[in-house]
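Peer 1: Quick mapping for you: the protein sequence lines, in order, are chains Y and C.
Read left to right, the first sequence gives residues 3 to 197 (the working numbering).
Read left to right, the second sequence gives residues 3 to 197 (the working numbering).
I have a structure I would like to understand better, so I am pasting it below and will then ask my questions one at a time.
Protein chains: 2
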Amino acid sequence: MIGVRTTPTAGVYYRRMPDTLSETTALLRRTPAAVDALVRGLPASWTERNEGDSTWSVFDIVGHLIHGDRADWMSRTRTILEFGESKPFEPFDRSGHQREVAGKSMEDLLSAFARVRAEKLAELEALQLRTEDLDRRGRHPVFGVVTLGQLLSTWAAHDLTHLHQISRVMAYQYRDAVGPWIKYLGVLHCQGHGG
Amino acid sequence: MIGVRTTPTAGVYYRRMPDTLSETTALLRRTPAAVDALVRGLPASWTERNEGDSTWSVFDIVGHLIHGDRADWMSRTRTILEFGESKPFEPFDRSGHQREVAGKSMEDLLSAFARVRAEKLAELEALQLRTEDLDRRGRHPVFGVVTLGQLLSTWAAHDLTHLHQISRVMAYQYRDAVGPWIKYLGVLHCQGHGG
Numbered sequence: 003m004i005g006v007r008t009t010p011t012a013g014v015y016y017r018r019m020p021d022t023l024s025e026t027t028a029l030l031r032r033t034p035a036a037v038d039a040l041v042r043g044l045p046a047s048w049t050e051r052n053e054g055d056s057t058w059s060v061f062d063i064v065g066h067l068i069h070g071d072r073a074d075w076m077s078r079t080r081t082i083l084e085f086g087e088s089k090p091f092e093p094f095d096r097s098g099h100q101r102e103v104a105g106k107s108m109e110d111l112l113s114a115f116a117r118v119r120a121e122k123l124a125e126l127e128a129l130q131l132r133t134e135d136l137d138r139r140g141r142h143p144v145f146g147v148v149t150l151g152q153l154l155s156t157w158a159a160h161d162l163t164h165l166h167q168i169s170r171v172m173a174y175q176y177r178d179a180v181g182p183w184i185k186y187l188g189v190l191h192c193q194g195h196g197g
Numbered sequence: 003m004i005g006v007r008t009t010p011t012a013g014v015y016y017r018r019m020p021d022t023l024s025e026t027t028a029l030l031r032r033t034p035a036a037v038d039a040l041v042r043g044l045p046a047s048w049t050e051r052n053e054g055d056s057t058w059s060v061f062d063i064v065g066h067l068i069h070g071d072r073a074d075w076m077s078r079t080r081t082i083l084e085f086g087e088s089k090p091f092e093p094f095d096r097s098g099h100q101r102e103v104a105g106k107s108m109e110d111l112l113s114a115f116a117r118v119r120a121e122k123l124a125e126l127e128a129l130q131l132r133t134e135d136l137d138r139r140g141r142h143p144v145f146g147v148v149t150l151g152q153l154l155s156t157w158a159a160h161d162l163t164h165l166h167q168i169s170r171v172m173a174y175q176y177r178d179a180v181g182p183w184i185k186y187l188g189v190l191h192c193q194g195h196g197g
């Protein structure tokens, strides 16, 4: 159970978060450590190569995750809480990660991701959202009306879409090395579906 | 650089592994910690649900990774080194994980995966393989002739195919929660490609 401090439980003060939000933050808290455990110290042949043309490497993907946390999710959360449907979200710049990665090492990015994620989750917890808040509505520039619950669920699913991409981009580097086994390796048949 | 002890470097004895093997083991060493960081302590709503019908949950997938390490990769490596093309590999039982997971908790499985992976990598290092060993040939029951290099690369790519599957199975649990954002979440458009 995840919570913020207001009522006493085993010597610590907890207010129970809505279940769906608790599931969402349980994942969001784990992603930086999972990516770090997978990637930190790996040879650059795994992390700096992409799938060809202008596709992303693992390095780019971690930059994108940082940029999303810095620019997108909590900013949109606050737009919903402050303005509701009256103010559309700022569009998200999918190339915004280029500023995040310039001059950085993979290790820098992994540390920056852990840091910004912890900051943003602390901001989220400080809002002390209740179940009914998840139904609050905002306006997406393309989709129109969305709810705060959908936005926060998408933050978690967005982590998963990029974990999916990281595993695919890494596997791509071994597409020849595996020889005939390519037939059995689902990840090497994934078309990417735009992420 | 990964190595086994034979020549002195900074007070420790190292023999340099072939580069491709070093890349492969760099990934293999990290997978259990990455899965652990992502999954340990997560609510069961993320880890015990599947994609419907007889598909696998995260729990099943970790069981399968354990079973692969216990029954498959190093056993086939030894078959190649001892018998070459003269003896086909034992077929791998894709439902063999059912024995691994029976009566276990998710936490048990994560610890078992870390343990068996460390054991199997120690066995691999003890073989002190050289670059030319990677060209040694064995016989796959379906594909026919394969090399040791292809087998070991497939071990790593198999980790990635199941990381890819883990992220997809988890995202599937949020397919409704994300509302219209499903359009942008590639992982929710992944058909699975058999893994």
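We put the CB at the ideal spot given by N, CA and C, even for glycine.
This structure is a prediction, so every number in the text was calculated from the model and none was measured.
Taking the C-alpha atoms as reference points, what is the distance between A173(Y) and M19(C)?
Peer 2: One C-alpha to the other measures close to 21 Å.
Peer 1: How many Å lie between H99(Y) and D62(Y) at the Cα?
Peer 2: Distance between the alpha carbons of H99(Y) and D62(Y) is about 7 Å.
Peer 1: I believe L111(Y) touches V103(Y) by the beta-carbon criterion, under 8 Å. Please report the beta-carbon distance rounded to the nearest angstrom.
Peer 2: 7 Å between Cβ atoms; contact.
Peer 1: Roughly how many angstroms lie between the CA atoms of P94(C) and R96(Y), to the nearest whole one?
Peer 2: The sequence given here has Phe at residue 94(C), not Pro. Whole-angstrom Cα-Cα distance: 42 Å.
Peer 1: Assuming G43(C) and T81(C) form a contact by the criterion Cβ under 8 Å, report the distance between their Cβ atoms to the nearest whole angstrom.
Peer 2: Contact flag wrong, Cβ pair sits at about 39 Å.
Peer 1: In whole angstroms, what separates the C-alpha of I168(C) from that of W157(C)?
Peer 2: I168(C) and W157(C): Cα-Cα distance of roughly 17 Å.
Peer 1: Just the Cα atoms here: how many angstroms apart are L40(C) and T33(Y)?
Peer 2: About 6 Å.
Peer 1: Chain A partners of V148(Y), CB-CB under 7 Å?
Peer 2: No chain A appears in this structure, whose protein chains are Y and C.
Peer 1: Please report whether the beta-carbon of F145(C) lies at a distance below 8 Å from any beta-carbon of chain Y.
Peer 2: Chain Y contact via Cβ: present.
Peer 1: For R72(Y), which residues from the same chain have a beta carbon less than 7 Å from its beta carbon, with the 5 sequence-adjacent residues on both sides left out?
Peer 2: Closer than 7 Å at Cβ, skipping near neighbours: V118.
Peer 1: May I ask which residues mark the beginning and end of the alpha helix (DSSP H) holding R78(Y)?
Peer 2: R78(Y) -> alpha helix (DSSP H) spans 75-85.
Peer 1: For R119(Y), list the residues DSSP reports as bridge partners.
Peer 2: R119(Y) pairs with nothing; no bridge assigned.
Peer 1: Note down, in chain order, each residue of its chain lying with its Cβ closer than 7 Å to the Cβ of S59(Y), except the 5 sequence neighbours on either side.
Peer 2: Cβ neighbours of S59(Y) beyond the five flanking positions: T49, E50, R51, N52, V171.
Peer 1: Within 8 Å of any Cβ in chain Y, is that where the Cβ of P90(C) sits?
Peer 2: Chain Y, which has no Cβ nearer than 8 Å to the Cβ of P90(C), makes this no.
Peer 1: I want to verify the contact list: residues of chain Y whose CB lies under 7 Å from the CB of W75(C), in sequence order.
Peer 2: Those within 7 Å of W75(C) in chain Y number zero; the least Cβ separation is about 11 Å.
Peer 1: Any residues in the region 88-113 of chain Y with a beta carbon nearer than 9 Å to a beta carbon of chain C? Which ones, in chain order?
Peer 2: Taking 9 Å as the Cβ-Cβ cut-off against chain C, none of the residues of the region 88-113 of chain Y qualify.
Peer 1: Kindly indicate if chain C contains any beta-carbon less than 8 Å away from that of V14(Y).
Peer 2: With a pLDDT of 43 at V14(Y), under the threshold of 50, the modelled position of that residue is not reliable, and no figure is offered here.
Peer 1: Name the residue from G151(C), D178(C), T79(C), L131(C) whose alpha carbon lies nearest to the alpha carbon of V178(Y).
Peer 2: Here the sequence assigns Asp to residue 178(Y), which means Val is not the residue at that position. Here the closest residue by C-alpha is G151(C).
Peer 1: When we look at the beta-carbon of E25(Y) and count the other beta-carbons within 10 Å, is it buried (16 or more) or exposed?
Peer 2: Buried, because 16 or more other Cβ atoms sit within 10 Å of the Cβ of E25(Y).
Peer 1: Quick check on S107(Y): buried or exposed, where buried means 16 or more other Cβ atoms within 10 Å of its Cβ?
Peer 2: It counts as exposed.
Peer 1: Would you give the residue range spanned by the beta strand (DSSP E) that R32(C) belongs to?
Peer 2: R32(C) -> not in any beta strand (DSSP E); alpha helix (DSSP H) instead, spanning 21-41.
Peer 1: Who are the neighbours of T163(Y) on chain C, taking C-beta pairs under 7 Å?
Peer 2: Ordered by position in chain C, the residues that pass the 7 Å Cβ test against T163(Y) are A173, L187, G188, V189.
Peer 1: When you compare each of I184(C), L153(C), V180(C), P182(C) to L187(Y) by their alpha carbons, which one comes out closest?
Peer 2: Answer by Cα proximity: L153(C).
Peer 1: Just checking: is the beta-carbon of W48(C) within a distance shorter than 8 Å of some beta-carbon in chain Y?
Peer 2: With 8 Å as the cut-off, W48(C) counts as an interface residue toward chain Y.
Peer 1: Restricting to Cα atoms, I'd like to know which of G70(Y), F91(Y), D137(Y), S155(Y) is closest to A28(Y).
Peer 2: Closest option to A28(Y), Cα to Cα, is S155(Y).
Peer 1: How about L83(Y) and R132(Y): are their beta carbons less than 8 Å apart?
Peer 2: In this structure, R132(Y) does not lie closer than 8 Å to L83(Y) by Cβ.
Peer 1: Take the Cβ of R7(Y) as the centre, count every other Cβ of all protein chains shown within 10 Å, and call the residue buried at 16 or more, exposed below.
Peer 2: Caution is warranted here: a pLDDT of 39 is assigned to R7(Y), below 50, making its placement in the model unreliable, and the coordinate value is therefore given only provisionally. By the 10 Å Cβ count, R7(Y) comes out exposed.
Peer 1: Take the Cβ of Q193(C) as the centre, count every other Cβ of all protein chains shown within 10 Å, and call the residue buried at 16 or more, exposed below.
Peer 2: So Q193(C) counts as exposed.
Peer 1: Does DSSP put R72(C) in a helix, in a strand, or in coil?
Peer 2: Looking at R72(C) - three-state DSSP - the assignment turns out to be helix.
Peer 1: What span of residues does the alpha helix (DSSP H) with G146(C) cover, start to end?
Peer 2: First-last for G146(C): 146-149, but that is the beta strand (DSSP E), not the alpha helix (DSSP H).
Peer 1: Who are the neighbours of P20(Y) on chain C, taking C-beta pairs under 8 Å?
Peer 2: Chain C residues near P20(Y): none, gap ~12 Å exceeds 8 Å.
Peer 1: Pull out every residue of the region 33-45 of chain Y whose Cβ sits closer than 9 Å to any Cβ of chain C, in chain order.
Peer 2: So the close ones are T33, P34, A35, A36, V37, D38, A39, L40, V41, R42, G43, L44, P45.
Peer 1: Cβ closer than 8 Å: which chain C residues qualify as neighbours of S169(Y)?
Peer 2: Neighbours of S169(Y) on chain C, chain order: L162, T163, L165, H166, S169.
Peer 1: Candidates V64(Y), L23(Y), D161(Y), R78(Y): which alpha carbon is nearest V189(C)'s?
Peer 2: Of the candidates V64(Y), L23(Y), D161(Y), R78(Y), the one whose C-alpha sits nearest the C-alpha of V189(C) is D161(Y).
Peer 1: Return no unless some Cβ of chain Y is closer than 8 Å to the Cβ of Q152(C).
Peer 2: Chain Y, which has a Cβ nearer than 8 Å to the Cβ of Q152(C), makes this yes.
Peer 1: Report the option in S56(Y), S47(Y), A116(Y) whose CA atom is closest to the CA atom of G70(Y).
Peer 2: Out of S56(Y), S47(Y), A116(Y), A116(Y) has the C-alpha closest to the C-alpha of G70(Y).
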